[in-house]
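> Quick note on numbering: the working numbering labels position 386 of the sequence shown as 1127, and the sequence is numbered without any gaps.
For every residue, glycine included, the Cβ atom is placed at its ideal position computed from N, Cα and C.
Here it is, the structure, as structure tokens.
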Amino acid sequence: MIVQQNDEEAPLMQQPEQPTARTPLPWDQFWILLLLEMPDFLSSRTLAPFIPQLIRDIGVTHGDESQVGHYAGILESSYYAAHTLTIFHWSQLSDHMGRKPVILIALSAIVISMFSFGLSKTFFGLVVSRIVCGAFDPSDTVVKSILMDITDATNMPKAYSYIPISVMIGNTVGPLIGGSLSRPADRFPDIFGRSELLKTYPYLLPCSISALFVSIIWLVTYIRLKESVSTTGKTPLWELMKKGFFGQSYSRLSSVIVDSGEGSPGEVQPRPLPLRALLTPKVLSVIASYATMDLFQKGFNSVLPVFYATPIQLGGLSLDPPRIGALLAASDVIHGIFRLLFYTQLHDRFGARAIFITGVSSGIPIVILFPVTSALARAYGIGMAVWLCVVVQLALKTSLVLCFPCMALFIRAAAPNRASLGTTNGIVMVVVAVAKVIGPASAASVFSYSLQEGHDAWSIYYFFIAIVFLAVGTALLLPRNPSVWEDSQ
């Protein structure tokens, strides 16, 4: 008789049990989700190349070049602040009225905000445009909820391996639109020189082109996307507004008896649960793991280019912007290709928990390579040894990138029922949005502190190592395989 090993005692890299057959991906809907992954990246990356010049043009800095970065940061923070405050409510709304209406609202908000941004002549107008986009754009979170709805534990890893394709397209096409089509009357006078509209609003054209692409995606979504959650027993929008998302009607019932329409007579269909019922130990462990991992990842991403640009005598590498841009772009492409080609095989071989723990644990050598690279640069200059350290550090980041599809599997498994999947995803995404604000700000502040004379230069490394150990500790709370949680429901 073979004694079955307890899940908590299973070796970290033991091969998890896998289903004998993998469910085929529902490509009739999945290709639409790949399209829906693009608008967020496309719109934000379209603005990135010309925001500094736009801030100079509107005169808010009064000629002080040092203030350009400050106002650019306000624009970015305004989006994430609005996004953080509303993303949970939109996710919860998608459980009650369906995913498709919320997605269409989000895409409409992106289109409106892009036109508004291109037509704004004041900094206040720019901020309002970004707040509108952030407040009404839960598309990324809701798209992930749809992906969880239409996949299962056997094909979800494969589905997530395709997501980098959309991200790479959005991150590539967006800067090309924003960089090449801004101020078209000055750059292409033979074509746009007679347009008074484009002379008055020199950044309207790239915003309009980006909005046009998003409008096409809106049309495709409206025509082809099927609702992924049952509408039987769903509460009308007017009732939601009157009773509130946390009203008594939701806390009393978590299921409804179906007598007609979808399902068999008398079949119990799950209803979305109130917030308090969703904060189970499973969900809280996922939140803790995702929060600490994302806190490190966002902090590392914000410090890395600053470390590259910092003078060698202060502990950096003194690299110029073109080299920094080339390094970051090349690493993003390599990470995307690696995830596309190998994530599914790694998941099938080792399981989500092993990949996740390996990813967050890679933060330790990633952090150690900062002072090693700095010491080599000070001793020998930017030579082969320094470039080798840079390449190894960026290569180790690949394992960190693989943590994100793993967390999607745990979110799906931790949801108390399928009807509350969107709300559960929204709770986690609120934490992610907060991490996007706290991670870069705190890491940048500690890095600046460590560079000041009289302060410990290793402060930033202690800070990162502490987060990594915290992330590894919370990761140990996760089951070896997400299906363990799903089977227990």
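Contact defined as beta carbons within less than 8 angstroms: I believe Lys967 pairs with Gln770. What is the distance between those atoms, to the nearest angstrom?
Within the sequence shown, the letter at position 226 stands for residue 967. Within the sequence shown, the letter at position 29 stands for residue 770. Going by Cβ atoms, the distance from Lys967 to Gln770 rounds to 6 angstroms, so yes, they are a contact pair.
> What residue does the alpha helix (DSSP H) around Asp1232 start on, and which one ends it?
Because the chain is modelled from 742 through 1230, residue 1232 falls outside the range shown and cannot be assessed.
> Which full runs of the alpha helix (DSSP H) of 4+ residues lie inside the segment 1129–1213, going along the chain?
Secondary structure in the segment 1129–1213: the alpha helix (DSSP H) runs of 4 residues or longer, each lying completely within the stretch, are 1144–1155 and 1162–1192 in chain order.
> Just the Cα atoms here: how many angstroms apart are Ala1095 and Leu1141?
Looking up residue 1095 in the sequence shown gives position 354. Looking up residue 1141 in the sequence shown gives position 400. Rounded to whole angstroms, Ala1095 to Leu1141 spans 12 angstroms at the Cα level.
> Determine the extent of the alpha helix (DSSP H) in which Ile958 is found, giving its start and end residues.
Residue numbering aside, residue 958 sits at position 217 when the sequence shown is read from its first letter. Note, Ile958: alpha helix (DSSP H), Leu945 to Arg965.
> Flag this pair as yes or no: are the beta carbons of Leu775 and Thr962 separated by less than 8 angstroms?
Residue numbering aside, residue 775 sits at position 34 when the sequence shown is read from its first letter. Residue numbering aside, residue 962 sits at position 221 when the sequence shown is read from its first letter. Their beta carbons are not under 8 angstroms apart, which means Leu775 does not touch Thr962 by this criterion.
> Would you please verify whether the beta carbon of Gly814 is less than 8 angstroms from any beta carbon of chain B?
Absent from the structure: chain B. Only one protein chain is present.
> Would you decide whether Ala1212 is buried or exposed? Buried here means 16 or more other CB atoms lie within 10 Å of its CB.
For the purposes of this step, residue 1212 is identified with residue 471 of the sequence shown, where counting begins at 1. It is buried - the Cβ of Ala1212 has at least 16 other Cβ atoms within 10 Å.
> Short of 6 angstroms in beta carbon distance, which residues of its chain neighbour Leu1162, apart from the five on each side in sequence? Order them along the chain.
Here residue 1162 refers to the residue found at position 421 of the sequence shown. For Leu1162, where only same-chain residues beyond five positions count, the Cβ hits under 6 angstroms are Ser886, Met889 and Ala1156.
> Please classify Leu938 as buried or exposed, where buried requires at least 16 neighbouring CB atoms within 10 angstroms.
As a working note, residue 938 is residue 197 in the sequence shown. By the neighbour-count rule (16 or more Cβ atoms within 10 Å), Leu938 is not buried but exposed.
> With a Cβ-Cβ cutoff of 8 angstroms, do Leu946 and Leu917 count as a contact?
Stepping through the sequence shown from its first residue, residue 946 is reached at position 205. Stepping through the sequence shown from its first residue, residue 917 is reached at position 176. Their beta carbons are not under 8 angstroms apart, which means Leu946 does not touch Leu917 by this criterion.
> Using the Cα positions of Leu795 and Tyr821, report the straight-line distance between them to the nearest angstrom.
For the purposes of this step, residue 795 is identified with residue 54 of the sequence shown, where counting begins at 1. For the purposes of this step, residue 821 is identified with residue 80 of the sequence shown, where counting begins at 1. Distance between the alpha carbons of Leu795 and Tyr821 is about 20 angstroms.
> Under 8 angstroms between the Cβ atoms of Val1108 and Ile1206?
Taking the sequence shown and counting its residues from 1, the one referred to as residue 1108 is at position 367. Taking the sequence shown and counting its residues from 1, the one referred to as residue 1206 is at position 465. Against a cut-off of 8 angstroms, the Cβ pair of Ile1206 and Val1108 comes out as a contact.
> If you follow the alpha helix (DSSP H) that Ala926 is in, where does it begin and where does it stop?
For this step, residue 926 is matched to residue 185 along the sequence shown. According to the DSSP assignment, Ala926 belongs to the alpha helix (DSSP H) that extends over Pro925 to Arg928.
> Buried or exposed for Met1125, going by 16 or more other Cβ atoms inside 10 Å?
Here residue 1125 refers to the residue found at position 384 of the sequence shown. The residue is exposed, with fewer than 16 neighbouring Cβ atoms inside 10 Å.
> For Phe829, which option in Val1113, Gly1167, Ala1198 and Ser1189 has the closest C-alpha, if you only look at C-alpha atoms?
Position 88 of the sequence shown holds residue 829. Ranking the options by Cα distance to Phe829, first place goes to Gly1167.
> Mind the definition here: the segment 1111–1131 touches the segment 1023–1036 only if three or more C-beta pairs lie below 8 angstroms; say whether that holds.
Taking a contact to require three or more Cβ pairs closer than 8 angstroms, the segment 1111–1131 and the segment 1023–1036 do not qualify as touching.
> Rounding to the nearest angstrom, what Cα-Cα distance links Ile906 and Ser949 in this structure?
As a first step, residue 906 is located in the sequence shown; it is residue number 165 there, counting from the start. As a first step, residue 949 is located in the sequence shown; it is residue number 208 there, counting from the start. Ile906 and Ser949 have their C-alpha atoms spaced approximately 24 angstroms apart.
> Mapping DSSP to helix, strand and coil, what is His1088?
Within the sequence shown, residue 1088 is the residue found at index 347, counting from 1. Helix at His1088.
> Might you give, ordered along the chain, the residues of its own chain that have their beta carbon closer than 6 angstroms to the beta carbon of Leu1218, omitting 5 neighbours on each side?
Along the sequence shown, one-based indexing puts residue 1218 at 477. Same-chain partners within the cutoff: Ser1026.
> Give me the Cα-Cα distance between Gly875 and Ser854, rounded to the nearest whole angstrom.
The residue you call residue 875 lines up with position 134 of the sequence shown. The residue you call residue 854 lines up with position 113 of the sequence shown. Those two C-alpha atoms are separated by around 9 angstroms.
> Classify Leu1217 as helix, strand or coil using the three-state DSSP reduction.
The residue given as residue 1217 occupies position 476 in the sequence shown. In this structure, Leu1217 counts as coil in the three-state DSSP scheme.
> Rank Pro1052, Val970, Ala1174 and Thr787 by C-alpha distance to the C-alpha of Ile910 and give the top, closest one.
Position 169 of the sequence shown holds residue 910. The residue with the shortest Cα to Cα distance from Ile910 is Thr787.
> Can you tell me whether Gly814 is helix, strand or coil according to DSSP?
As a first step, residue 814 is located in the sequence shown; it is residue number 73 there, counting from the start. Here Gly814 sits in helix by DSSP.
> Does the beta-carbon of Ala1203 have 16 or more other beta-carbons within 10 angstroms, so that it is buried, or is it exposed?
Position 462 of the sequence shown holds residue 1203. One point to set straight first is that residue 1203 is Tyr, not Ala, in the sequence displayed. In summary, Tyr1203 is exposed, with fewer than 16 beta-carbon neighbours lying within 10 Å of its beta-carbon over all protein chains present.
> Hey, would you say Lys1138 sits closer than 8 angstroms to His1076, going by beta carbons?
Reading the sequence shown from its first residue, position 397 is the one you call residue 1138. Reading the sequence shown from its first residue, position 335 is the one you call residue 1076. Their beta carbons are under 8 angstroms apart, which means Lys1138 touches His1076 by this criterion.
> Between which residues of its own chain and Thr1033 is the CB-CB distance below 7 angstroms, once the five residues before and five after are set aside?
In the sequence shown, residue 1033 corresponds to position 292, counting from 1. Cβ within range, chain order: Ile1208, Leu1211, Ala1212 and Thr1215.
> Alpha carbon to alpha carbon, what distance is there between Val1169 and Val997?
Translated into positions along the sequence shown, residue 997 becomes position 256. Translated into positions along the sequence shown, residue 1169 becomes position 428. Note that Val997 scores a pLDDT of 40, beneath 50, so its modelled location is shaky; the value from the coordinates is reported in the next line. Those two C-alpha atoms are separated by around 26 angstroms.
> With a CB to CB cut of under 7 angstroms and the five nearest residues on each side skipped, what residues in its chain are close to Gly859?
For the purposes of this step, residue 859 is taken as residue 118 along the sequence shown, with counting starting at 1. Answer for Gly859: Tyr942, Tyr944, Leu945, Cys948 and Ser949, listed in chain order.
> Going by the beta-carbon positions, is the gap between Arg871 and Ser819 smaller than 8 angstroms?
Working through the sequence shown from its first residue, we reach residue 871 at position 130. Working through the sequence shown from its first residue, we reach residue 819 at position 78. The Cβ-Cβ distance between Arg871 and Ser819 falls below 8 angstroms.
> Once the 5 residues before and after Arg1064 are set aside, which same chain residues still bring their CB inside 8 angstroms of it?
Residue 1064 sits at position 323 when you count from the first residue of the sequence shown. So the list reads Tyr1049, once near-sequence residues are dropped.
> Using C-beta distances below 7 angstroms, list every residue in its chain close to Leu816, excluding the 5 sequence neighbours before and after it, in chain order.
Sequence index remark: in the sequence shown, residue 816 carries index 75 (1-based). Around Leu816: Ile792, Leu867, Val868 and Arg871.
> Could you give the residue range of the alpha helix (DSSP H) that holds Asn1042?
Along the sequence shown, read from residue 1 onward, the residue named residue 1042 stands at position 301. Run containing Asn1042: Pro1022 to Ala1050, per the alpha helix (DSSP H) assignment.
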